[in-house]
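**Q** Residue numbers (numbering that gives the first Met the number 0), protein chains in the order written: chain H, 0 to 333; chain R, 0 to 315. Ideal Cβ placement from N, Cα and C applies to all residues, glycine included. Since the model is a prediction, treat every value here as computed from it, not as a measurement.
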Amino acid sequence: MPLSETGDLLRVEGLTVRFGAVPAIEDVSFALRPGETLAIVGESSSGKSVTALALMRLLDPRACSVSGRALLRGPDGRETDLLALPERAMADLRGRALGMIFQEPMTSLNPVHTVGRQISESLIRHERLSPRAAAARAVDLLAEVGIPEPARRASAFPHQLSGGMRQRATIAIALACRPRILIADEPTTALDVTIQAQILDLLHRLQQETGMAVVFITHNLGVVAEIADRVVVMYAGQVVEDAPVAALLEHPAMPYTAGLMRSVPRLDAALHTGRRLLAIPGNVPDPRQRPAGCTFHPRCGHARPDPCLRARPALEWAAPDHRVRCARWQEIAA
Amino acid sequence: MTRFVLHRIGQSLLLLLLVSMIGFALLHLAPGGPLAQFALTPGMSQEAMQRIAHQMGLDQPLPAQYWQWLRRLLVGDWGRSYRDSQPVLWVIGSHLGATLELMASSTLLAMILGTGVGVLGAIRRYSLADYAAMVGAMVALSIPTFWFGLVMIYVFSVRLAWLPAGNIATAGDGSLLDYARHLIQPCVVLALVTVATWSRYMRASMLEVINQDYVRTARAKGLRQLQVLVHHSLRNALLPMITVAGVQLPILLSGALVTETVFTWPGMGRLFLDSLGYRDYPVVMGLLIFSAILVLAGNLIADLLYVVADPRIRLT
Ligand SMILES: Nc1ncnc2c1ncn2[C@@H]1O[C@H](COP(=O)(O)OP(=O)(O)O)[C@@H](O)[C@H]1O
Ligand SMILES: [Mg+2]
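Structural data, given as C-alpha cells:
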C-alpha cells in the first residue's frame, strides 16, 4: 500500500543486514507517522543500532549486505526507497531530511573543530548559507538546545564542554536543517540521570516546536512510557512486538516485553509492593548461533517444546494495531 | 605554555651538552686524533710535534680542552678549519643552503606522496593498491640509499643521459631549469628514505581515525565524502604525524649525508665526509654540534606545533 494511503512518513519492510553470513537483523519492519515518536526497545546487541545505521545508510557496504526497503514520503508526497538511493542522493537527505544523534557524546564530536563549526557545516552543505550566516545560525541553534552563553560556546572545542552540553550540541547538529525525522540512538544512555531527564525534555520540546517524527532507540522501557507514541520491541535481530505505547505497557503480548517491564526499576512499585527487580535470566544470543525455534525460548518461562522449539514464530496481528512474535501469545493472555 | 617551552628548551640544551661531550671525547680519543695530520708531513720532528700540540692546547687534559672549546663555542668562536683556515661557522654556513634545499624538497615530496599513499591504503584497506604500497614500502626500506642513488645515476645519467649525475648546477648556466634538473635525482633518492616510513605511519593514523564516532557524525550530517575525508579524517590523522616528522629528522640527516656523497652535492654531508678525510677536526666537531642543534630544534618545533595544532592540549 502506498504511503499516501496509510499516512506513514517512513515505512521499513523486510530490513535485513548480514555481516558476512551472520544476520545481525532479520526482516525488520515498522512504520513511522509524521510527528510521532516511535521507540525501538531491546536489550544490548538486539540489533537496534544496526537498524538505525542501515536506515541512515551509514553501515560500511564492504562489511555487510543490506536488503529490504525503507520508504520515505517526501514533502511532495513522493516515495523514495532510502536503501535503493545512490550514495550522492542519500547524502543529500542525510542531515537534511534525516537527522541522527548517537549514544556517546564524548566521542561523536570531532575534537579538532569548534562546536560552532560542526553545526555550520550542515547549514553550508544543505541550505547553502554563507559561512557567516551559518555561524550566526549555529549560535541560535545552540541557544535553542538550551546551551547558556551560546556565542561563547560556539567557539569552544568539544572537550571544553560537559557530557550533557555535548549531547545538546550533537542535537543542535542533527536538527540544524530541521529534519522531518530524527533518529536518536540511546541519546541519554551515557548521561547522568538528572541530565537524562533534561535531554528528554529538550527532545520533547523540540519535537513539539518542529513537528518532526522521532525514532527513539533505548534499552530502557522506563523511558518509553514518558516519550513514545508507539513501541517496537526488538530481540535477537527481530521485531518481537509492535504496539501503541498504552497497549504495550498494559497488555504486553510477548513474554520478552513483559520481562523487560519487570526489569525496569520503578520506585513506586518497589515501595508499595516490595517487589524486587527481576532481570530476564540469560543473555541475548550471539547472532552466529541463535537457537532454533523461537529465539527467546531458552530464556522464556512460558516456553514449551511444542510449539516454541519447533519453528520460528511469525509476527502476527494480535489486534488491529498490535503485532507480536510469539506462538503462544493467545494461551498466555488467556 | 611558557613553562613547557622553557622546560623543553632546557631539556634540549642538556642533551646538546651531552652530545658535545661524547663527540669531543670520541674524536680526541680515536686513533690519530687531531695531530695525525701533522704526523704525515715529511720532516716533522718530535719536538715540532710537541710544540704544535702545545700551541693547539692538545697537551692539556681532555676536560680542560673540552672546557676551552665549549667556552669559545658559546661565544660563537667555533674555531678555524685546518684545511683553509676559514672560520668553521662560515664553512658550515656556505654548505647549509644546499643541504636545506635537498632536505626540504625531498621532505615535501615524501610527505605529499606518503600522505597520499597512506590515506589510500587506509580507505582502500587490503585492496591491491594497499598491498602494492605495503610491498613498495618494504622494498624502499630495505634498499640501501647509496645503492639506489648509484642505480639512478646509472640509469638516468649514464644510460639514458637525461639527468646530470651530480653537483648542484652546471657551472656558468645558472638557469632555474638547470638547478631543477640537478635536484631531481638526489631529491628522489633522499625522499625514498622517508616516504616509506611516512606512508606507513600515515596509514595507521588514518585507520585509527576513520573508525571514530565523529567521522560517522560527519557522514550523518550528509557531508560529501571528500569533505569528510579532508576535514574530519585527514585533519585529525595528520596531528600525530607532526611528531613523526620530528623523529624522522636524524634519519633524514644521515640520509642526506649518503645522498650528498653519491651525487657530489655540495652540502653539509659532503663537507662532513671530506672533513673527516682531511682530519679537519674543528669542522667535523662543528658539524656534529650543528646537526645536533638542527635535530633538537626540529623536535622542539614539532612539539610546539603539536601543541598549537591540537586544541585538546592546553598547557598551563
Ligand atoms: N560491524 C559489525 N560487524 C559484525 N557484527 C556487528 C557489527 N555491528 C553490529 N554487529 C552485530 O549486530 C548485532 C546487533 O548489534 P547492535 O545493533 O549494535 O545492537 P544494539 O544497538 O541493540 O545494542 C550484535 O550481535 C553485533 O554483534
Ligand atoms: Mg546500540
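Is residue 82 of chain R helix, strand or coil by DSSP?
**A** coil
**Q** Which term fits residue 42 of chain R, buried or exposed, when burial requires 16 or more other beta carbons within 10 angstroms of its beta carbon?
**A** exposed
**Q** Three Cβ pairs or more, each shorter than 8 angstroms: is that satisfied between the region 126 to 139 of chain H and the region 76 to 94 of chain H?
**A** no
**Q** Looking at chain R, which residues of the region 94 to 118 of chain H have a Cβ within less than 7 angstroms of any of its Cβ atoms?
**A** Taken in chain order, the members of the region 94 to 118 of chain H whose beta-carbon sits within less than 7 angstroms of a beta-carbon on chain R are 94, 95, 99, 101, 103, 106, 107, 108, 109, 110, 111.
**Q** Measure the C-alpha to C-alpha separation of residue 192 of chain H and residue 207 of chain R and round it to an integer number of angstroms.
**A** 32 angstroms
**Q** Do residue 29 of chain H and residue 241 of chain H come within 9 angstroms of each other at the CB atom, strictly closer than that value?
**A** yes
**Q** Pull the bridge partners of residue 217 of chain H from the DSSP assignment, please.
**A** H:40
**Q** Looking only at DSSP bridge pairs, what is residue 237 of chain H linked to?
**A** Bridge partners of residue 237 of chain H: H:234.
**Q** In whole angstroms, what separates the C-alpha of residue 113 of chain H from that of residue 98 of chain H?
**A** 20 angstroms
**Q** Whole angstroms are fine: how far does the CA of residue 110 of chain H sit from the CA of residue 134 of chain R?
**A** 34 angstroms
**Q** I want to verify the contact list: residues of chain R whose CB lies under 7 angstroms from the CB of residue 90 of chain H, in sequence order.
**A** 221, 223
**Q** Hey, residue 212 of chain R and residue 50 of chain H: beta-carbon distance below 9 angstroms or not?
**A** no
**Q** Within the same chain, show all residues whose beta-carbon is closer than 8 angstroms to that of residue 144 of chain R, passing over the 5 residues directly before and after it, in chain order.
**A** 188, 189, 191, 192, 254, 257, 258, 261
**Q** Give every residue of the same chain whose Cβ lies closer than 6 angstroms to the Cβ of residue 248 of chain R, excluding the five residues on either side of it in the sequence, and list them in chain order.
**A** 294, 297
**Q** Per DSSP, which one or two residues make a beta bridge with residue 315 of chain H?
**A** H:323
**Q** Leaving aside the five residues before and after residue 295 of chain H along the sequence, list all residues of the same chain whose C-beta is less than 6 angstroms from its C-beta, in chain order.
**A** Non-local beta-carbon contacts of residue 295 of chain H in its own chain, meaning distances under 6 angstroms to residues more than five positions away in sequence, involve 234, 255 in chain order.
**Q** In angstroms with no decimal places, state the Cα-to-Cα distance between residue 226 of chain H and residue 199 of chain R.
**A** 49 angstroms
**Q** Please tell me whether, using a cut-off of 8 angstroms, the distance from the CB of residue 184 of chain H to the nearest non-hydrogen atom of ligand 1 is below it.
**A** yes
**Q** Residues in the same chain with beta-carbon distance under 7 angstroms from residue 13 of chain R, minus the five sequence neighbours each way, listed in chain order, please.
**A** So no residue of the chain qualifies.
**Q** So, with DSSP's three-state summary, where would you put residue 269 of chain H?
**A** Any reading at residue 269 of chain H must be qualified, since the residue scores a pLDDT of 49, below 50, and its modelled position is unreliable; no value is offered.
**Q** Which whole-angstrom value describes the C-beta separation of residue 141 of chain H and residue 153 of chain H, a residue pair presumed to lie in contact below a C-beta threshold of 8 angstroms?
**A** 6 angstroms
**Q** What residues come near ligand 1, if near means a beta carbon less than 6 angstroms from any of its heavy atoms?
**A** H:18, H:23, H:41, H:43, H:44, H:45, H:46, H:47, H:48, H:49, H:62, H:286
**Q** Contact between the region 62 to 72 of chain H and the region 198 to 213 of chain H: three or more CB pairs below 8 angstroms?
**A** no
**Q** Quick one: which residues of the region 36 to 64 of chain H get their C-beta closer than 7 angstroms to a C-beta of chain R? List them in chain order.
**A** Here the close residues are 55, 57.
**Q** Report yes or no: is there a C-beta of chain H within less than 9 angstroms of the C-beta of residue 192 of chain R?
**A** no
**Q** Listed in chain order, which residues of the region 193 to 215 of chain H have Cβ atoms closer than 7 angstroms to some Cβ of chain R?
**A** Cβ proximity to chain R below 7 angstroms picks out nothing from the region 193 to 215 of chain H.
**Q** Any heavy atom of ligand 2 closer than 8 angstroms to the CB of residue 102 of chain H?
**A** yes
**Q** Is any beta-carbon of chain R found at less than 9 angstroms from that of residue 169 of chain H?
**A** yes
**Q** When you compare the CB positions of residue 168 of chain R and residue 156 of chain R, do they come within less than 9 angstroms of one another, or not?
**A** no
**Q** Less than 8 angstroms between C-beta atoms, sequence neighbours within five positions excluded: which residues of the same chain meet that for residue 180 of chain R?
**A** 162, 163
**Q** Note the first and the last residue of the continuous alpha helix (DSSP H) segment covering residue 337 of chain R.
**A** Within the shown structure, residues of chain R are numbered from 0 to 315, placing residue 337 of chain R beyond reach of any answer.
**Q** Going by CA-CA distance only, name the one from H:108, H:215, H:312, H:52 that's closest to residue 82 of chain H.
**A** H:52
**Q** Starting from residue 18 of chain H, find everything on chain R with Cβ-Cβ shorter than 9 angstroms and list it in chain order.
**A** Near residue 18 of chain H there are no residues of chain R at all, since even the closest Cβ is about 15 angstroms away, more than 9 angstroms.
**Q** Take residue 123 of chain R and list the residues in its own chain whose beta-carbon comes closer than 6 angstroms to its own, dropping the five residues that flank it on each side.
**A** 129
**Q** Tell me where the alpha helix (DSSP H) around residue 13 of chain H begins and ends.
**A** Where residue 13 of chain H is concerned, there is no enclosing alpha helix (DSSP H), although the beta strand (DSSP E) it sits in stretches over 9 to 18.
**Q** Since residue 295 of chain H meets chain R, which of its residues come closer than 8 angstroms, beta carbon to beta carbon?
**A** What residue 295 of chain H touches in chain R: nothing, since even the nearest Cβ is about 31 angstroms away.
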